[in-house]
Amino acid sequence: MTSNDLMVLPDVQSSLDRRNIPIEKVGVKGIKTPILVKTVLGSQHTVADVEMYVSLPADKKGTHMSRFWTLLESINKPFCPTLLTDVMAQMLSSLKADGGYISLTFPFFMEKAAPVSELHSTMNYQVRLVAEAKNGHIKINQKVEAPVTSLCPCSKEISKYGAHNQRSLVSINAELETNFAIEKQIEMIESSASCPVWGLLKRSDEKYVTEHAYENPKFVEDLVRDVAILCQDEPAILSFTVEAENFESIHNHSAFASITFSKKAEE
């Protein structure tokens, strides 16, 4: 036996499987890795939780798990919807698959100036980029979650003074036709709330936040409807789901609302 013979190892994953059962998703999850993300100003370093899967034909025993990591490690450009489309195409080609799924969940950081003092602080938002390949088509979704303040219109209307308010978590999960700035999605959410939230505030800012929220009361229903209008008017968004959860300050439960809309259904 020569040294060359010793180097030829069997490729078990590519062997035939006789159970004749296709697998919808097989791959890797639980990967935590540093990535670059595209921003309005350039790019940002962050850390992502990654899932990568492909479909597996009924007659194939397994997929090559190491190729997911190899592909991920080779990427040195900022992630955005168009790049994720390219990564999906490379993954399908490398693993000879017809269908695939890639998910990256990561914190996104944005510097914000307080409304009066202009004190600068950093806010973090949760973002999820997902690519899904089916029937020769690659769909890209970009989900952004942002915390905001909501003030109850009913409480304001029935009270002699004051009104209860709470922090709310609002998200836009948008199917995109092209790149769409994460910062823009955040702005769509924050502009629809009773008031945005900031990392640091001085007393002058706290006065502004209190009064601004009081002048802009919003039910959870108002939040999702106002964000939905902005999504409908955005050409880059093909379909979307808007969700809002109010962590109620006078109840031991949350209020929740959701809207799903597809522009493709109108065509």
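If you use this note's numbering, the sequence shown corresponds to residues 1 to 267, in order.
Each residue gets a CB set at the ideal place from its N, CA and C atoms; glycine is no exception.
Supposed close pair residue i, residue j - CB separation, criterion 8 Å
| i | j | result |
| --- | --- | --- |
| Ala-97 | Tyr-125 | Between Tyr-125 and Ala-97 the Cβ distance is about 32 Å, and since that is not below 8 Å, they are no contact. |
| Leu-119 | Leu-200 | 5 Å |
| Val-50 | Leu-95 | With a Cβ gap of about 16 Å, Val-50 and Leu-95 do not count as contacting. |
| Ala-133 | Leu-92 | 6 Å |
| Val-130 | Val-144 | Not a contact, Cβ separation roughly 12 Å. |
| Asn-246 | Ser-150 | 6 Å |
Identified DSSP bridge partners for residue i
| i | result |
| --- | --- |
| Asp-49 | Lys-32, Thr-105 |
| Asn-270 | No statement about residue 270 is possible, as the shown extent of the chain runs from 1 to 267 and does not include it. |
| Gly-100 | Val-54, Ala-133 |
| Ser-262 | Ser-239 |
| Phe-256 | Glu-245 |
| Ser-43 | Lys-38 |
| Phe-68 | Phe-68 is not bridged to any residue. |
| Phe-219 | Answer by DSSP bridge pairing: none, since Phe-219 is not bridged. |
| Gly-62 | According to DSSP, which records beta bridges pairwise, Gly-62 is partnered with nothing at all. |
| Val-26 | Val-54 |
Cβ-based burial, residue i [other Cβ within 10 Å; buried from 16]
| i | result |
| --- | --- |
| Asn-252 | exposed |
| Phe-79 | buried |
| Phe-68 | buried |
| Lys-29 | exposed |
| Gly-100 | buried |
| Ala-228 | buried |
| Phe-256 | exposed |
| Lys-218 | buried |
| Thr-241 | buried |
| Glu-157 | exposed |
| Met-1 | Because Met-1 sits at a pLDDT of 47, beneath the cut-off of 50, its placement in the model cannot be relied upon, and the point is left open. |
| Ser-258 | exposed |
| Ala-113 | exposed |
| Ile-250 | exposed |
| Pro-115 | buried |
| Leu-41 | exposed |
| Glu-221 | exposed |
| Glu-27 | According to the sequence provided, residue 27 is Gly. The question's Glu does not apply to it. Result: buried. |
| Glu-73 | exposed |
Worksheet item: Is there contact between the stretch 186 to 199 and the stretch 152 to 171, where contact requires at least three CB pairs shorter than 8 Å?
Response: Flag = yes, the stretch 186 to 199 and the stretch 152 to 171 touch.
Worksheet item: Does the count of Cβ pairs from the stretch 91 to 109 and the stretch 38 to 47 closer than 8 Å reach three?
Response: Judged by Cβ distances under 8 Å, the stretch 91 to 109 makes contact with the stretch 38 to 47, as three or more pairs qualify.
Worksheet entry | Length-filtered (4 minimum) alpha helix (DSSP H) runs lying within the stretch 139 to 203 | Those alpha helix (DSSP H) runs which fall completely within the stretch 139 to 203 and span 4+ residues are 153 to 158, 182 to 190.
Worksheet item: With a cut-off of 8 Å, do at least 3 Cβ pairs link the stretch 62 to 70 to the stretch 17 to 29?
Response: Per the Cβ contact rule, the stretch 62 to 70 is in contact with the stretch 17 to 29 (3 or more Cβ pairs under 8 Å).
Practice prompt. Taking 8 Å as the threshold, find out whether the stretch 176 to 184 comes into contact with the stretch 206 to 221 through three or more Cβ pairs.
Written response: Result no; under three Cβ-Cβ pairs closer than 8 Å.
Practice prompt. Could you say if the stretch 227 to 236 and the stretch 137 to 154 meet the contact criterion of at least three C-beta pairs nearer than 8 Å?
Written response: No: fewer than three Cβ pairs fall under 8 Å.
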